[in-house]
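For reference, the structure discussed in these notes is given below.
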Amino acid sequence: MSSSFEKFQRRRLISSYFSVVLSIALVLFLLGLLGLLVLNSKKVADHFKEQIALTVYLKDDAKDVEMKQLEKTLALADYTKSTQFVSKEEAAEEHSKEIGENFMDFLGYNPLQNSIDVYMKADFVSAAQVKEIADELMTKDFVEEVNYDQPLISLLNDNIKKISLWIIIISGVFTLIAVLLINSAIRLSVYSKRFTIKTMQMVGATKGFIRRPFIWLSMKLGMVGAIIALAGMAAVLYYLNETFPELELLRDKMILAILFVGVFVASVVITWFSTFLATQRFLNLRTDELYY
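Residue numbering for the sequence shown follows UniProt numbering, beginning at 1 and increasing consecutively.
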């Protein structure tokens, strides 16, 4: 009978520990994913900005040396990420593919122009800066037109600002929720031992002596939960990097290391603090109050 009761108690204890570890792991996993989103939100925004092209159309009488010189100048400019020269023949071929027929058969000539597509660095993609660059290029005699999507640039920058603000707000709220959820799991775990805590106190054990094993156990459970959460984060990060290699999510290894260490340290700090408060509460209660 005693052996069966001990097995039952052991199963209850393991189940309780498993629940705490799982709760901590899930909360830290979601918190870590949010951290990845915060760290990479600028990188994602920059990626979309750098897909916007500023197209410089050249006059038909522009000389080859002038076009090559302009392309080289643009490629070396501080604001340029990459450039691509598109000849009028290449443009005609691409346009024919898009419409499904050779439009030059009807016109008898190629009305398109040589052009240079300029993909700018994200820091320079703003309505004011792009307009300044376009105005400067228009001063060249052999440049016919400079074309870019100004409404799209303005809309993109406005949306990025709004999304960044909401990410910060959601991060703060979610961090608070994470702390409260872990705190609740720890308090439930300590609650089941409230009579043990009071018994130890009644036989003369100091508060520090009573708290120590509870805090150490919770910290170990928090570490296990953190390791599970970090393994999940690593798997998600690897998958995203394989799916979207252009984002280069693994490039900033130092920042990723800080995030992973931060999640691990957070698990230790939160479990320590939550256990300290939970044990302190039961240490301060009278014996008759333990039943409520």
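Backbone N, C-alpha and C fix where the C-beta goes; we use that ideal spot for every residue, glycine too.
Report the rounded CA-to-CA distance for residue 79 versus residue 137, giving the unit in angstroms. Within the sequence shown, the letter at position 79 stands for residue 79. Within the sequence shown, the letter at position 137 stands for residue 137. Cα to Cα, the separation comes out at about 13 angstroms.
Of the residues 76, 59, 77, which one's Cα is nearest the Cα of residue 87? Counted from its first residue, the sequence shown places residue 87 at position 87. Nearest of 76, 59, 77 to residue 87, Cα basis: 59.
Check whether the Cβ atoms of residue 62 and residue 114 sit closer than 8 angstroms, and answer yes or no. Translated into the one-based positions of the sequence shown, residue 62 becomes position 62. Translated into the one-based positions of the sequence shown, residue 114 becomes position 114. Contact flag set, yes.
Limits of the beta strand (DSSP E) - the one that residue 81 falls within: Numbered from 1 along the sequence shown, position 81 holds the residue referred to as residue 81. From DSSP, the beta strand (DSSP E) with residue 81 extends over 80-86.
Quick one: what's got a C-beta closer than 6 angstroms to residue 27's C-beta in the same chain, skipping five residues either side? Taking the sequence shown and counting its residues from 1, one reaches residue 27 at position 27. If we look at residue 27 and ignore the five residues flanking it on each side, its Cβ neighbours are 178, 181, 182.
Rounded to whole angstroms, what's the CA-CA distance from residue 147 to residue 245? Just pull it up for me. Position 147 of the sequence shown, counted from the start, is the residue given in the question as residue 147. Position 245 of the sequence shown, counted from the start, is the residue given in the question as residue 245. Rounded to the nearest angstrom, the two C-alpha atoms are 29 angstroms apart.
Alpha helix (DSSP H) runs contained entirely in the segment 191-239, provided each spans 4 or more residues: Taking only runs of at least 4 residues, the alpha helix (DSSP H) segments lying wholly in the segment 191-239 are 194-202.
CA-CA distance, residue 22 and residue 157? Position 22 of the sequence shown holds residue 22. Position 157 of the sequence shown holds residue 157. If I take the Cα positions, the gap works out to 40 angstroms.
Closer than 7 angstroms to a non-hydrogen atom of the ligand MN - does that hold for the CB of residue 167? The ligand MN is not among the ligands present in this structure, which contains no ligands whatsoever.
Under a Cβ-count criterion, where at least 16 other Cβ atoms within 10 Å of its own Cβ denotes burial, should residue 35 be classed as buried or exposed? As a first step, residue 35 must be located in the sequence shown, where it is residue number 35. Around the beta carbon of residue 35, a 10 Å sphere encloses 16 or more other beta carbons of the protein chains shown; the residue is thus reported as buried.
Can you name, in chain order, every residue of its own chain whose Cβ lies under 6 angstroms from the Cβ of residue 70, other than the five neighbours on each side? Taking the first residue of the sequence shown as position 1, residue 70 is located at position 70. Around residue 70, the same chain offers no residue with a beta carbon nearer than 6 angstroms, after the five sequence neighbours per side are excluded.
7 angstroms Cβ shell around residue 240 - same chain, five flanking residues per side excluded: Here residue 240 refers to the residue found at position 240 of the sequence shown. Apart from the 5 residues on each side of it in sequence, residue 240 sits with its Cβ closer than 7 angstroms to the Cβ of 249 in its chain, given in chain order.
Starting from residue 55, trace the beta strand (DSSP E) both ways and give me its first and last residue. In the sequence shown, the residue the question calls residue 55 occupies position 55. Under the DSSP assignment, residue 55 falls in the beta strand (DSSP E) whose first and last residues are 53-58.
Sequence-distant residues of its chain with Cβ nearer than 8 angstroms to residue 134 (five each side left out): Taking the sequence shown and counting its residues from 1, the one referred to as residue 134 is at position 134. Taking residue 134 as the centre and dropping the five residues before and after it, the same chain places the C-beta of 54, 146, 148 closer than 8 angstroms to its C-beta, in chain order.
Could you check where the beta strand (DSSP E) with residue 65 kicks off and where it finishes? Within the sequence shown, the letter at position 65 stands for residue 65. For residue 65, no beta strand (DSSP E) run applies; the uninterrupted alpha helix (DSSP H) run containing it begins and ends at 64-76, by DSSP.
Residue 199: buried (16+ other C-beta within 10 angstroms of its C-beta) or exposed? One-based indexing of the sequence shown puts residue 199 at position 199. Exposed, by the Cβ-count rule.
With 16 as the cutoff for other CB atoms within 10 Å, does residue 274 come out buried or exposed? Taking the first residue of the sequence shown as position 1, residue 274 is located at position 274. Buried, by the Cβ-count rule.
Given residue 118, which residues of its chain have a CB within under 7 angstroms of its CB, disregarding the five upstream and five downstream residues? Along the sequence shown, one-based indexing puts residue 118 at 118. Correct list, in chain order: 53, 54, 56, 74, 80, 83.
Cα-Cα separation between residue 271 and residue 247, rounded to whole angstroms: On the sequence shown, residue 271 is found 271 positions in, with the first residue counted as 1. On the sequence shown, residue 247 is found 247 positions in, with the first residue counted as 1. Looking at the two C-alpha atoms, the distance is approximately 35 angstroms.
How far does the beta strand (DSSP E) with residue 146 in it extend, from its first residue to its last? Translated into the one-based positions of the sequence shown, residue 146 becomes position 146. Where residue 146 is concerned, the enclosing beta strand (DSSP E) stretches over 143-147.
Applying the 10 Å Cβ sphere with the 16-neighbour rule, what's the burial state of residue 155? Sequence index remark: in the sequence shown, residue 155 carries index 155 (1-based). When all chains shown are included, residue 155 counts as exposed.
From residue 170 to residue 265, what distance separates their C-alpha atoms? The sequence position of residue 170 within the sequence shown is 170, counting from 1. The sequence position of residue 265 within the sequence shown is 265, counting from 1. Spanning the two alpha carbons is a distance of roughly 21 angstroms.
Check each candidate in 279, 46, 90, 64 and name the one with the smallest Cα separation from residue 142. Counted from its first residue, the sequence shown places residue 142 at position 142. Nearest option by C-alpha distance: 64.
State the start and end residues of the unbroken alpha helix (DSSP H) segment that holds residue 130. For the purposes of this step, residue 130 is taken as residue 130 along the sequence shown, with counting starting at 1. Here the alpha helix (DSSP H) through residue 130 covers 127-138.
6 angstroms CB neighbourhood of residue 207 in its chain, flanking five on each side removed: Taking the sequence shown and counting its residues from 1, one reaches residue 207 at position 207. For residue 207, same chain residues with a beta-carbon under 6 angstroms away, outside a window of 5 residues either side, are 283 in chain order.
Between 151, 263, 122, which lies nearest to residue 225 when the distance is taken from Cα to Cα? Position 225 of the sequence shown, counted from the start, is the residue given in the question as residue 225. Of the listed residues, the one whose Cα sits closest to residue 225 is 263.
Straight-line Cα distance separating residue 236 from residue 269: Taking the sequence shown and counting its residues from 1, the one referred to as residue 269 is at position 269. Taking the sequence shown and counting its residues from 1, the one referred to as residue 236 is at position 236. Rounded to whole angstroms, residue 269 to residue 236 spans 25 angstroms at the Cα level.
Evaluate residue 214 with the Cβ neighbour count: other Cβ atoms within 10 Å of its Cβ, from every protein chain shown; 16 or more gives buried, anything less gives exposed. Translated into positions along the sequence shown, residue 214 becomes position 214. Under this definition residue 214 is a buried residue.
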